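Colleague: Before I ask anything, here is the structure I am working with.
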Amino acid sequence: MELKEAQKIVDHWIKEHGVRYFSELTNMAILTEEVGELARVIARQYGDQSVKEGEKMNLAEEMADVLWVLICLANQTGVDLTTAFQQSLMKKTNRDKYRHKNNPKLKR
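Counting from 1, position 73 in the sequence shown corresponds to residue 73 in UniProt numbering; the numbering is continuous, with no gaps.
In structure tokens form, the structure reads like this:
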């Protein structure tokens with residue numbers, strides 16, 4: 001599935017089940033909350049924190065939640081994520097094609 005298709009699916013779901021999009025500001029707050037939940041799972045699974053009793057650890061679900069809200073924000077603001085991602089990839093390639101290869105900190 002391309003990002004463009006995901007954007008259409010989310011838009012259809014919102015119109016069919018969600019009544020309307022939350023405001024951009026509300027969705028930004030929700031995105032921040034979802035990123036925090038993702039950070040919590042990563043801190044528990046890959047960091048030094050232990051899992052609390054009864055705490056649910058689902059990395060894929062938290063990543064999907066972040067993606068969902070990001071897609072909502074893109075739809076609301078008219079951003080084509082497929083095009084934006086392609087442009088970001090080109091920018092990073094042009095800027096960083098040698099940067100990381102020449103970083104002694106990344107040498108094994």
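Ideal placement from N, C-alpha and C gives every residue a C-beta, glycine not left out. This structure is a prediction, so every number in the text was calculated from the model and none was measured.
Measuring CA to CA, which of ALA43, VAL66 and ASP65 is closest to GLU55?
Modeller: It is ALA43.
Colleague: Could you tell me which uninterrupted alpha helix (DSSP H) segments, each at least 4 residues in length, are contained entirely in the UniProt domain "NTP pyrophosphohydrolase MazG-like" (23-99), listed from first to last along the chain?
Modeller: Qualifying alpha helix (DSSP H) stretches, in chain order: 24-45, 59-77 and 81-96.
Colleague: By how many angstroms is the C-alpha of GLY36 removed from the C-alpha of PRO104?
Modeller: Going by the C-alpha atoms only, they are around 32 Å apart.
Colleague: For VAL51, collect the residues of the same chain with a Cβ closer than 7 Å to its Cβ; drop the 5 residues on either side in sequence, then sort them by chain order.
Modeller: Result list for VAL51: ARG44 and MET57, in chain order.
Colleague: If you drop the 5 nearest sequence neighbours on each side, which residues of the same chain put their C-beta closer than 7 Å to that of GLU53?
Modeller: Closer than 7 Å at the Cβ level, and outside the excluded window around GLU53, lies no residue.
Colleague: For VAL10, name the three-state secondary structure that DSSP assigns.
Modeller: In this structure, VAL10 counts as helix in the three-state DSSP scheme.
Colleague: Could you compute how far the alpha carbon of GLY18 sits from the alpha carbon of GLU61?
Modeller: Taking the straight line from one Cα to the other gives about 19 Å.
Colleague: In chain order, what residues of the same chain have a beta carbon less than 8 Å from the beta carbon of ASN27, not counting five sequence neighbours either side?
Modeller: Cβ neighbours of ASN27 beyond the five flanking positions: TYR21, VAL69, CYS72, LEU73 and GLN76.
Colleague: Would you say GLU34 and ASP65 are within 7 Å of each other, going by their C-beta atoms?
Modeller: Closer than 7 Å, so yes.
Colleague: From LYS15 to ARG99, what does the alpha carbon distance come to, in whole angstroms?
Modeller: Rounded to whole angstroms, LYS15 to ARG99 spans 44 Å at the Cα level.
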